[in-house]
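Q: Going by our numbering, the first residue of the sequence shown is number 8, and it counts up by one from there.
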Amino acid sequence: MKKLEEILVGNSSCMHEIYRLVEQVAASNATVLLRGNSGIGKELVARAIVGLSERANRPLLTLNCAAIPETLVESELFGHEKGAFTGADKRRIGRAEAAEGGTLFLDEVGDLTLVSQVKLLRFIQERTFSRLGSNQDIKADVRLIAATSRNLEYLMEHGKFREDLYYRLNIFPIYMPDLKDRKCDIIPLAEHFIEKNNIQYSKTVSRISTPAINMLTLYHWPGNVRELENCIERAVLTCTDDCIHSYNLPPSLQTAETSGTVLTKGANFNTLVMSYEKELISEALKRNNGNMSAAARDLGISARVIHYKIKQLGL
8 MKKLEEILVG NSSCMHEIYR LVEQVAASNA TVLLRGNSGI GKELVARAIV GLSERANRPL
68 LTLNCAAIPE TLVESELFGH EKGAFTGADK RRIGRAEAAE GGTLFLDEVG DLTLVSQVKL
128 LRFIQERTFS RLGSNQDIKA DVRLIAATSR NLEYLMEHGK FREDLYYRLN IFPIYMPDLK
188 DRKCDIIPLA EHFIEKNNIQ YSKTVSRIST PAINMLTLYH WPGNVRELEN CIERAVLTCT
248 DDCIHSYNLP PSLQTAETSG TVLTKGANFN TLVMSYEKEL ISEALKRNNG NMSAAARDLG
308 ISARVIHYKI KQLGL
C-alpha cells in the first residue's frame, strides 16, 4: 500500500479534510463519488483511495464516459461477443470484467445518456452483467469509484440524470475545491511538478524566483491543477538556469498586477527597468552564493558595473 503523501500534494485545510475522508473510506468497498470541476485531480484521489485499500495490488480500470459514443459505452463497459454487431470479429472483454477483484473508475459519469445510465444502474445494484450479444450473467467483484464535474442535482431536475442512479453513486461523496480556493497549495504543487519535469527533461531546476511566486499565487487558475502542471512544464522547458523566473511563465500569467509592472503613481519607465535589473542581479547573486565577481560574469557585465548597481539598487 502506498502512503497518502506519495500520491496527493497539499497542506491546505480543505485538502486535509479530503485526506481524512480518503482514509475513512479506503478500507471499505463503498462506492465513492468524487465531485468538482475539471482539472482538480479527481483521478489522483481515486488512485489514492485504491492505494490505501486492500485492492491496491489488483487492477484499476478507468473509463472516461464523456469520451465514448453512446453506441460503444455498453461494449466498453461490459464487453461483447463475436458477431454481436457489425465489426465485432472477436470476443472483447469489457472494463468491468477486466477489473475483477480490483476497482473500476468511471470518470465524467454525469455525461452518460439515460440509456447507458439504466445499464450502469443494473450493474451497480446486482454486481452482475452480460457481454453484448450474450445472455450469460457474469458476477463481478469490483469496487466502483465515480467522478463528475457536472451538477447532477440540476441534471436530475431536468430529467437528464436518473434519481435512482444518483443515490446509488452518492453513498460517499467527496467534494474537491478549485485551486484558487486553496492558494497555499500552489507552491508545493509547483515544486512537485518541477521535480517531476526535472526527471523527464533532465533539468536541474531547484527554485522559483520571488516575482514568479507572486505571479503563481495571484493568478486565478481557471484550469485548476492541470493548468498549473502545464504551466510548470513550460517553465522548466524554457528555463536556462536552476531557477524559474517570471519570464519563464506563460503569457496568461503575464499581467501587470501579477508581474509587478502595473503603473502606479510615481512608477515610470526607469522605475520598472530598475525593478527588472534588481531581479536579475538578485538571482545571479543567489546562484553564485553572493560572489559578486561570479555573478557579474554570469550576467556578462564587469565587476565595477555590478558593484555600482548593487549600491544603486540597495541590494
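C-beta atoms are modelled at their ideal positions from N, C-alpha and C, and glycine is treated no differently.
Give every residue of the same chain whose Cβ lies closer than 7 Å to the Cβ of Ser19, excluding the five residues on either side of it in the sequence, and list them in chain order.
A: Your numbering for residue 19 matches position 12 in the sequence shown. Cβ within range, chain order: Arg189, Cys191 and Asp192.
Q: What do you get for Thr110, buried or exposed, if any count of 16 or more other CB atoms within 10 angstroms of its CB means buried?
A: Here residue 110 is taken as the residue at index 103 of the sequence shown, counted from 1. Thr110 comes out buried.
Q: Please look up how many angstroms separate the CB atoms of Arg102 and Leu119, rounded, as I've assumed it's under 8 Å.
A: Here residue 102 corresponds to residue number 95 of the sequence shown, with the count starting at 1. Here residue 119 corresponds to residue number 112 of the sequence shown, with the count starting at 1. About 14 Å separates the two Cβ atoms, so there is no contact after all.
Q: Going by beta carbon distance, what residues of the same chain come within less than 7 Å of Val280, once the five residues before and after it are set aside?
A: Against the sequence shown, residue 280 aligns to sequence position 273. Answer for Val280: no residue qualifies.
Q: Tell me, to the nearest whole angstrom, how far the beta carbon of Leu225 is from that of Ala242; I am working on the premise that it is less than 8 Å.
A: Translated into positions along the sequence shown, residue 225 becomes position 218. Translated into positions along the sequence shown, residue 242 becomes position 235. The pair is not a contact, with the Cβ atoms about 16 Å apart (cut-off 8 Å).
Q: In chain order, what residues of the same chain lie with their CB nearer than 6 Å to the CB of Phe112, ignoring the 5 residues before and after it?
A: Mapped onto the sequence shown, residue 112 falls at position 105. Correct list, in chain order: Ala53, Thr69 and Ile152.
Q: In chain order, what are the residue ranges of uninterrupted beta strand (DSSP E) at least 3 long that sit wholly in the region 145-173?
A: 150-155, all fully within the region 145-173.
Q: So, under 8 Å CB-CB, Val324 and Glu107 are touching, yes? Tell me the CB distance rounded to an integer number of Å.
A: With the chain covering only 8 through 322, there is no way to say anything about residue 324.
Q: Could you tell me the distance, in whole angstroms, from the CA atom of Ser300 to the CA atom of Asp249?
A: Translated into positions along the sequence shown, residue 300 becomes position 293. Translated into positions along the sequence shown, residue 249 becomes position 242. Cα-Cα distance, rounded: 19 Å.
Q: Spatial neighbours of Asp185 within its chain, please: C-beta separation below 8 Å, excluding the five flanking residues on both sides.
A: Position 178 of the sequence shown, counted from the first residue, corresponds to residue 185. Once the five neighbours on either side are set aside, the close Cβ partners of Asp185 are Gly43, Asn44, Ile47, Trp228 and Asn231.
Q: Would you kindly work out how many angstroms separate the C-alpha atoms of Lys49 and Ser82, rounded to a whole number?
A: Taking the first residue of the sequence shown as position 1, residue 49 is located at position 42. Taking the first residue of the sequence shown as position 1, residue 82 is located at position 75. If you take the alpha carbons of Lys49 and Ser82, they lie about 25 Å apart.
Q: According to DSSP, is Asp2 part of a helix, a strand, or is it coil?
A: Absent from the model: residue 2. The displayed extent of the chain is 8 to 322, so no value can be given.
Q: For Ser259 and Glu234, I'd like the C-alpha separation in whole angstroms.
A: In the sequence shown, the residue the question calls residue 259 occupies position 252. In the sequence shown, the residue the question calls residue 234 occupies position 227. Each residue's alpha carbon lies about 11 Å from the other.
Q: State the beta-bridge partners of Val312 as determined by DSSP.
A: Translated into positions along the sequence shown, residue 312 becomes position 305. Paired residue(s): none; Val312 is not in a bridge.
Q: Under 7 Å between the Cβ atoms of Arg138 and Glu88?
A: Position 131 of the sequence shown, counted from the start, is the residue given in the question as residue 138. Position 81 of the sequence shown, counted from the start, is the residue given in the question as residue 88. Yes, these two residues count as a Cβ contact at 7 Å.
Q: Between the Cα of Ala34 and the Cα atoms of Val57, Ile239 and Thr155, which residue gives the shortest distance?
A: Your numbering for residue 34 matches position 27 in the sequence shown. Nearest C-alpha to Ala34: Val57.
Q: Starting from Asn205, trace the beta strand (DSSP E) in both directions and tell me its first and last residue.
A: Numbered from its first residue, the sequence shown carries residue 205 at position 198. First-last for Asn205: Ile193 to Tyr208, but that is the alpha helix (DSSP H), not the beta strand (DSSP E).
Q: Under DSSP, the alpha helix (DSSP H) around Val39 begins and ends at which residues?
A: Along the sequence shown, one-based indexing puts residue 39 at 32. No alpha helix (DSSP H) holds Val39; the beta strand (DSSP E) holding it covers Val39 to Arg42.
Q: Give every residue of the same chain whose Cβ lies closer than 7 Å to the Cβ of Ala197, excluding the five residues on either side of it in the sequence, and list them in chain order.
A: Taking the first residue of the sequence shown as position 1, residue 197 is located at position 190. Same-chain partners within the cutoff: Ile215, Leu223, Leu235 and Ile239.
Q: In terms of alpha-carbon separation, which member of Thr78, Leu41 and Ile14 lies closest to Leu59?
A: Taking the sequence shown and counting its residues from 1, the one referred to as residue 59 is at position 52. The shortest Cα separation from Leu59 among Thr78, Leu41 and Ile14 belongs to Ile14.
Q: By how many angstroms is the C-alpha of Val80 removed from the C-alpha of Gln31?
A: Position 24 of the sequence shown, counted from the first residue, corresponds to residue 31. Position 73 of the sequence shown, counted from the first residue, corresponds to residue 80. Using only the alpha carbons, I get a separation of about 31 Å.
Q: Thinking C-beta only, is Gly90 closer than 7 Å to Glu104?
A: Stepping through the sequence shown from its first residue, residue 104 is reached at position 97. Stepping through the sequence shown from its first residue, residue 90 is reached at position 83. No, the Cβ-Cβ distance between Glu104 and Gly90 is not below 7 Å.
Q: I need the DSSP call for Ser135, collapsed to helix, strand or coil.
A: For the purposes of this step, residue 135 is taken as residue 128 along the sequence shown, with counting starting at 1. In the sequence on display, residue 135 carries Thr and not Ser. Strand at Thr135.
Q: Going by other Cβ atoms of all chains shown within 10 Å of its Cβ, with 16 needed for buried, is Ser123 buried or exposed?
A: To locate residue 123, count along the sequence shown from 1; it is residue 116. Buried.
Q: Would you mind reading off the limits of the alpha helix (DSSP H) that contains Pro180?
A: Translated into positions along the sequence shown, residue 180 becomes position 173. Run containing Pro180: none in the alpha helix (DSSP H); it sits in the beta strand (DSSP E), Phe179 to Tyr182.
Q: Is it true that the CB of Ala55 sits closer than 7 Å to the CB of Leu28?
A: Position 21 of the sequence shown, counted from the first residue, corresponds to residue 28. Position 48 of the sequence shown, counted from the first residue, corresponds to residue 55. It is not a contact, given that the beta carbons lie outside the stated cut-off.
Q: Tell me whether the beta-carbon of Leu287 lies closer than 7 Å to the beta-carbon of Ala302.
A: In the sequence shown, counting from the first residue as 1, residue 287 sits at position 280. In the sequence shown, counting from the first residue as 1, residue 302 sits at position 295. It is not a contact, given that the beta carbons lie outside the stated cut-off.
Q: Which class does Leu79 belong to by DSSP, given the choice of helix, strand or coil?
A: For the purposes of this step, residue 79 is taken as the residue at position 72 of the sequence shown. Three-state DSSP puts Leu79 in a helix.
Q: Would you mind sorting Asp96 into buried or exposed? The rule is 16 or more other CB atoms within 10 Å of its CB.
A: As a first step, residue 96 must be located in the sequence shown, where it is residue number 89. So Asp96 ends up on the exposed side.
Q: How about Ile181 and Thr38: are their beta carbons less than 7 Å apart?
A: As a working mapping, residue 181 is identified with position 174 in the sequence shown. As a working mapping, residue 38 is identified with position 31 in the sequence shown. Going by C-beta atoms, Ile181 is not nearer than 7 Å to Thr38.
Q: From Tyr161 to Ile131, what does the alpha carbon distance come to, in whole angstroms?
A: Indexing the sequence shown from 1 puts residue 161 at position 154. Indexing the sequence shown from 1 puts residue 131 at position 124. About 22 Å.
Q: By the three-class DSSP mapping on this structure, what secondary structure does Arg189 have?
A: The residue given as residue 189 occupies position 182 in the sequence shown. Arg189: coil per DSSP, three-state reduction.
Q: What does the alpha-carbon distance come out to for the pair Val312 and Val16?
A: Looking up residue 312 in the sequence shown gives position 305. Looking up residue 16 in the sequence shown gives position 9. Each residue's Cα considered, the two are about 44 Å apart.
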